[in-house]
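In full-length UniProt numbering, the protein residues as written are 1 to 158.
Just below is one structure, and these are the notes that go with it.
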């Protein structure tokens, strides 16, 4: 599951967001907004898509299925010079991330999360940093398919 530690440069992203929770998941609504409008983005860095979460760091330790957070469906762009109407901009700050490979369906993600937060982070001397968490959905991503693969990026610090 663990792939590498990587320091990201700041990224410019555009897309859509919603406030949601695990119990009342509204993720599909923002992907339904983004996917039909991908052709409007003329300065994308790549074909990769970003599923990004911003948590209230103060409540992260007490996270429950009902804890609200902001969820984004995004595309990385070269600049914000040509943002299509209705899209939101998001600047991902640079920082250190532990990168993991998740294979499988959305339901299988619980096992990946338990490994990351219950084993890998505490056993390797890191803590979760107060920055966005995200997944990179590349060529091997197949929405909720057992053979789907995505990279999971967790912000870390010593």
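Backbone N, C-alpha and C fix where the C-beta goes; we use that ideal spot for every residue, glycine too.
- Around residue 41, the same chain offers 75 as residues with beta carbons nearer than 6 angstroms, after the five sequence neighbours per side are excluded.
- Per DSSP, the beta-bridge partners of residue 44 are 77.
- Membership of residue 97 in the beta strand (DSSP E) is indicated by the continuous run 95 to 103.
- CA-CA distance, residue 45 to residue 12, rounds to 10 angstroms.
- With contact defined as three or more Cβ pairs closer than 8 angstroms, the stretch 64 to 84 and the stretch 29 to 43 are in contact.
- Take the alpha-carbon of residue 107 and the one of residue 1: they are about 16 angstroms apart.
- For residue 147, the three-state secondary structure derived from DSSP is coil.
- The Cβ atoms of residue 149 and residue 101 lie closer than 8 angstroms to each other.
- Residue 83 has no beta-bridge partner at all, per DSSP.
- Assigned with DSSP and collapsed to three states, residue 37 falls in helix.
- The beta carbons of residue 16 and residue 34 sit about 5 angstroms from each other, so the pair counts as a contact at 8 angstroms.
- Looking at 138, 95, 132 and 37, the one whose alpha-carbon comes closest to that of residue 54 is 132.
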